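In full-length UniProt numbering, the protein residues as written are 1 to 512.
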Ligand SMILES: *[C@@H]1O[C@H](CO)[C@@H](O)[C@H](O)[C@H]1NC(C)=O
Ligand SMILES: *[C@@H]1O[C@H](CO)[C@@H](O)[C@H](O)[C@H]1NC(C)=O
Ligand SMILES: *[C@@H]1O[C@H](CO)[C@@H](O)[C@H](O)[C@H]1NC(C)=O
Ligand SMILES: *[C@@H]1O[C@H](CO)[C@@H](O)[C@H](O)[C@H]1NC(C)=O
Ligand SMILES: *[C@@H]1O[C@H](CO)[C@@H](O)[C@H](O)[C@H]1NC(C)=O
Ligand SMILES: *[C@@H]1O[C@H](CO)[C@@H](O)[C@H](O)[C@H]1NC(C)=O
Ligand SMILES: *[C@@H]1O[C@H](CO)[C@@H](O)[C@H](O)[C@H]1NC(C)=O
């Protein structure tokens, strides 16, 4: 009798507990660190391991200091940026001594902190493992993985007899390597190899399931959107070396939009190099930016810490917008990051305007207040973006033009004297991967609209009372992945100018 009662109790209670674990609201404390990376002057020639280690230890000392601060504030996880341990702009030879052999965590159980000499030349892994263990924290960093290959057996094997991968490593609070991820979508990084495996890197923690991918990966289905859509992961770790590409792809703007559009948490850690437009880190949630940092100050690292609700499931929704109005012909065309957008101006203090491009139509009902001759326009573009990477996009954008000349619409500006006071913005996108963004001007720099000041649902971005700062852009930026499937990104020319992600094109002298 007792036994039956106990069994019933177990049967009754146990599923409830596990159910509570699966669906219950969990929270965690996240930390990201924007790191002003120390990088050596000459990154194009081979250096000794000692030289490489002295550079890396200089950066890792900052990681240690910041991890200890984050841990003392109760953080469960800390994220460091792409290229944060040695910087960017290397040649294959130049970065070789910075690489370490990283064993596959699925095959090898190795406590690098306890067993530092099991694999040769693994000082960085030893340090990171101890750092996670000493502070009982999940730690995510980006380092280089050197994997031997056999040129006879593997036709892809580089002539050097090894691969070099741009790699994220995740350590658990016991110092164990939980997962490693090789960046799939390299951006002008000739020092690194393209991996064959495009499977998402996903790991479980007591506070939720996370995926990790890097920088330019954000533009492509594999592995980024696959992790979110196919595997249903709602929390993303994003080490990046992101260079702003205004008016639609600055760091804080696009990363917050990615989180809002997919209903996910997104922990973005960027390097800090404002003189070359590498800056802007944040902890973004489905509702908006919980914490972010965007400063023009040089050599200014920054730790962000914030409490988040674990996201159990992303929200990926098609636009349900349909239009029963005729759209007039566009007033003019201008180039936005090299894409020819169709535009109409927003005239007067309020109104309703619309514009189409290749079957994407965008419509806005707006009120605004301006104290200058600012020109504000509504634009549409649906097609293949081809500048520095090929990817199909569908974009509805309200832009503040750089000057009063229409041909300046789409050019980079951080100045505006126009407040949006009401906005209902709709687009009939053909894909569900829509990232809504609001970027404001703050004394010549960038800012984001506070949580609650706007909402986004199914192709409609709405702000009932507008924003307290002047507007630079408000957009819905969508990716049409199927159109770009099979398009391989090829570096056309080593002299191309720099945009978006971590780059090799920067020559040493410009850092002096
Ligand atoms: C970890 O703790 C040990 C023991 O206190 C210390 O010797 C070591 O320097 C620490 N390592 C790191 C990376 O914090
Ligand atoms: C679109 O979907 C949202 C969310 O489901 C809903 O609130 C809204 O009424 C729908 N709009 C139209 C035009 O169907
Ligand atoms: C968007 O709306 C326009 C105007 O109603 C229509 O011609 C176009 O086919 C629609 N596009 C999509 C993708 O539904
Ligand atoms: C624009 O929005 C305002 C405020 O919600 C509303 O009163 C007005 O009817 C809308 N205009 C059109 C043409 O939909
Ligand atoms: C924009 O809003 C701010 C804050 O409410 C206000 O100080 C500023 O004067 C407004 N600017 C314009 C052009 O209305
Ligand atoms: C606007 O800019 C274009 C291109 O820079 C230039 O050719 C044109 O003359 C300008 N128009 C005016 C009115 O300044
Ligand atoms: C605006 O920026 C200027 C120059 O960067 C600075 O001197 C000034 O203090 C800033 N003003 C405010 C209100 O932040």
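The beta-carbon is built from N, C-alpha and C at its ideal position, and this holds for glycine as well.
Values in this document were obtained by computation on a predicted structure and should not be read as measured data.
Taking non-hydrogen atoms of ligand 1 into account, the C-beta of residue 59 is found less than 6 Å away from none of them.
Taking C-beta atoms under 8 Å as the contact rule, residue 26 and residue 76 fail to qualify, at a distance of about 10 Å.
Residues 265, 266, 284, 285, 286 of the same chain have their beta carbon placed closer than 7 Å to that of residue 259, with the five preceding and five following residues left out of the count. The DSSP assignment places complete beta strand (DSSP E) segments of no fewer than 3 residues inside the region 342 to 420 at 350 to 357, 360 to 370, 376 to 385, 391 to 400, in order along the chain. Residue pairing by DSSP puts residue 165 in a beta bridge opposite 145. The Cβ neighbour count for residue 236, taken over all protein chains shown within 10 Å, is at least 16; the residue is labelled buried. For residue 122, the three-state secondary structure derived from DSSP is coil.
Taken in chain order, the complete alpha helix (DSSP H) segments of 4 or more residues contained in the region 80 to 105 are 92 to 95. In the three-state DSSP reduction, residue 173 falls in the coil class, being neither helix nor strand. With 16 or more other Cβ atoms inside 10 Å of its own Cβ, residue 127 counts as buried. Leaving aside the five residues that flank residue 375 on each side, the residues in its chain whose CB is nearer than 6 Å to its CB run, in chain order, 401, 404. Look at residue 183 here: in three-state DSSP terms it is coil, with no helix or strand label.
Distance from the C-beta of residue 407 to the nearest heavy atom of ligand 6 is below 6 Å. Counting only the Cα atoms, residue 407 lies some 43 Å from residue 141. The closest heavy atom of ligand 1 lies less than 6 Å from the beta carbon of residue 131. Its Cα nearest to that of residue 261, the residue 234 stands out among 234, 246, 270.
Residue 433 carries a coil assignment under DSSP once its states are collapsed to helix, strand and coil. In this structure, the C-beta of residue 352 approaches ligand 4 to less than 6 Å from one of its heavy atoms.
Between residue 412 and residue 139, the CB-CB gap reaches or exceeds 7 Å. A direct Cα-Cα distance of roughly 13 Å separates residue 444 from residue 418. By the C-beta density criterion, residue 46 is exposed, having fewer than 16 other C-beta atoms within 10 angstroms. With a minimum length of 3 residues, the unbroken runs of beta strand (DSSP E) contained wholly in the region 247 to 313 fall at 265 to 270, 281 to 285, 288 to 293, 302 to 309.
Here residue 217 has 183, 184, 185, 223, 224 as same chain residues with Cβ atoms under 8 Å from its own Cβ, once five neighbours each way along the sequence are excluded. Looking only at 167, 344, 387, 319, the smallest Cα-Cα distance to residue 458 is reached by 319. Every beta strand (DSSP E) stretch that sits fully inside the region 179 to 225 and reaches 3 residues is listed by chain position as 201 to 205, 208 to 212. The three-state reading of DSSP puts residue 107 in coil, since its state is none of H, G, I, E or B.
Closest by C-alpha distance to residue 436, out of 414, 468, 469, 473, is 473. The residue from 172, 144, 155, 94 with its alpha-carbon nearest to that of residue 129 is 172. In the structure shown, residue 334 falls within a strand segment according to DSSP collapsed to helix, strand and coil. Applying a distance threshold of 6 Å between residue Cβ atoms and the heavy atoms of ligand 2 selects 320, 457, 458, given in chain order.
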